[in-house]
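Numbering (the working numbering), first residue to last: 3 to 366. Structure, as structure tokens:
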Amino acid sequence: MSSDHEKIRITLDEVKRVVIDPPAPSGTRAEDVAGSRSWGRIDAPPSPQRTVARSVGAANVFFKTWVYLGLAGLAGAFVAWALFEPSFYDPAEGRRGIGNILMLPAFAMLVALSFAIAESVVEHSWRKAASRAVVAIVLGVVLGFIFDAIAQIVYRTGLQSVFDSGLPYNPSDPRYWIVRAIAWSVFGVTGGIVYGIAGQSVKKSLYGVIGGVVGAAIGGLAFDPISNFIRVAGFTRVGGAPSRCIGLMIMGACTGIAIGLVESALKDRWLYVSGGPLAGKQFILYKPQTRIGSDQSNDIYLFKDPAVQPQHAVIELQGGRAVLTATGPTLIAGQTVSQRTLRSGDAIQIGRYSFSYQEKQRAG
């Protein structure tokens, strides 16, 4: 027998190219997945799923709907207060100024305006933000006055029912807080309706109204306790201005946060951006057709990427299916596609943007 045994030599470059297969799903043997036991391979293409997972860490918290709508509501409420507080008179002064008449309608309009343009600003779609601003201002002014009148009726009716109970007025009585919360919840309707109309979706309006009512009610519930705290703390010299400022800002922020959370909780199908400039943003598929491309008129605007065409792809809702049709280079699970019925968990790549398509599980 020859003592000159044959030797196997593996170079360092070959070692670097080894890719270990991910573990098989729980309860599934490797033989069921690959047909035979496999410990790895050389020159294997990278997994699209792993690429998407690595990029999720770059997600920006400010792309979450409840965050940017909450900040938008906060800003809109503060502007309304700052504009009309100088002409607002406390009831004890025995007179009313222009601020007493316009502060709450202006609050409704400016918060609705902030909601309408916030999403477009986050997506860098300035053209869309401008067009939505026009819609929001017109609708916000009209609806602001309408719902202000409704809120006043609700508030007076609620107060009368409390007075009729025979108990003396007490600002620490939670019943008065509840009356204000119910009345202020009416203002949340304005923001929700305008948010949905600006987004051209009836379902988005519905979710907006639900969230708006809940959020505005929370703000109204907090107003009187804040006012009581300021009075007890000895800041009576500044009147009700601090409580109005804080109360309105809480109502605006809570309205935006609630709209975002309700929208997220009730969504049916959506694209989650897992990589690219919009990582962390989710696009809920409300419309029968959702257009994707580099033109700002698209529902999903992909900016600053020469690989993305003006009209790159469209997702159509056909019954219980979502069908993607691509006119530009589009990869799903690493494979180029021109048309594909999407399945929950599909990894989509368009230029430098990575998406994960998700849909809620349905019974049966």
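From the three backbone atoms N, C-alpha and C, an ideal C-beta is built for every residue, glycine too.
DSSP places serine 276 within a strand segment (E or B) once states are collapsed to three. Ranked by how close their Cα comes to the Cα of arginine 345, the residues Gln363, Gly353 and Thr338 have Gln363 in first place. Rounded to the nearest whole angstrom, the C-alpha separation of aspartate 301 and alanine 84 is 34 Å. Within the same chain, Pro107 come within 8 Å of phenylalanine 147 by CB-CB distance, once the 5 residues on both sides are set aside.
If only complete runs of 4 or more residues are kept, the segment 88-143 shows the alpha helix (DSSP H) at 100-124, in order along the chain. In the pairwise beta carbon analysis, the segment 268-279 is classified as not touching the segment 216-234: fewer than three pairs are separated by under 8 Å. Bridge pairing for glycine 295: Tyr303 [DSSP]. In this structure, the straight-line span from the alpha carbon of glutamate 125 to that of threonine 67 is close to 11 Å. Non-local C-beta neighbours of phenylalanine 65 in its own chain, meaning closer than 7 Å and more than five positions away in sequence, comprise Val124, Leu280, Gly282 and Lys283, ordered along the chain. Isoleucine 155 counts as exposed, since fewer than 16 other C-beta atoms from the protein chains shown sit within 10 angstroms of its C-beta.
In the three-state reduction of the DSSP assignment, tyrosine 288 falls in the coil class, being assigned neither a helical nor a strand state. Judged by DSSP in its simplified three-state form, leucine 145 adopts helix. In this model, aspartate 297 and serine 127 are separated by some 9 Å (Cα to Cα). The beta carbon of leucine 141 sits closer than 6 Å to those of Val196, all from its chain and outside the five residues before and after it, given in chain order.
Taking all protein chains in view, the Cβ of lysine 206 is crowded by 16 or more other Cβ atoms within 10 Å, so the residue is classified as buried. CA-to-CA, the gap between aspartate 150 and methionine 111 works out to about 11 Å. Across the set Ala335, Leu104, Lys130 and Ala183, the C-alpha of Leu104 shows the shortest separation from the C-alpha of leucine 145.
Counting along the chain, valine 215 sits inside the alpha helix (DSSP H) bounded by residues 204-234. The way I'd put it, the segment 213-221 doesn't touch the segment 157-166; fewer than three beta-carbon pairs between them come closer than 8 Å. By a beta-carbon distance limit of 8 Å, glycine 213 contacts valine 264. Their separation comes to about 4 Å. If you draw a straight line from the Cα of phenylalanine 80 to the Cα of alanine 335, it is about 46 Å long.
Judged by beta-carbon spacing, glycine 101 lies within the 8 Å limit of phenylalanine 86, meaning their Cβ atoms are closer than that value. The beta carbon of glutamine 351 sits closer than 6 Å to those of Leu333, all from its chain and outside the five residues before and after it, given in chain order. Residue pairing from DSSP places glutamine 337 in a beta bridge opposite Ile334. Judged by their CB atoms, glycine 201 and isoleucine 261 are not nearer to each other than the 8 Å cut-off.
Around the beta-carbon of valine 63, fewer than 16 other beta-carbon atoms lie within 10 Å, marking it exposed. By the CB criterion at 8 Å, arginine 293 and glutamine 313 fall inside the cutoff. At the C-beta level, alanine 224 and glycine 75 stay beyond 8 Å of one another. DSSP, reduced to helix, strand and coil, places valine 310 outside both helices and strands of the structure shown, so it counts as coil. Boundaries for valine 325: no alpha helix (DSSP H) harbours it, while the beta strand (DSSP E) harbouring it runs 323-328, taken from the DSSP string. Of the residues Thr343, Phe109, Gly278 and Val69, the one whose Cα lies closest to the Cα of isoleucine 248 is Phe109.
Rounded to the nearest angstrom, the gap between the Cα atoms of alanine 185 and aspartate 348 is 45 Å.
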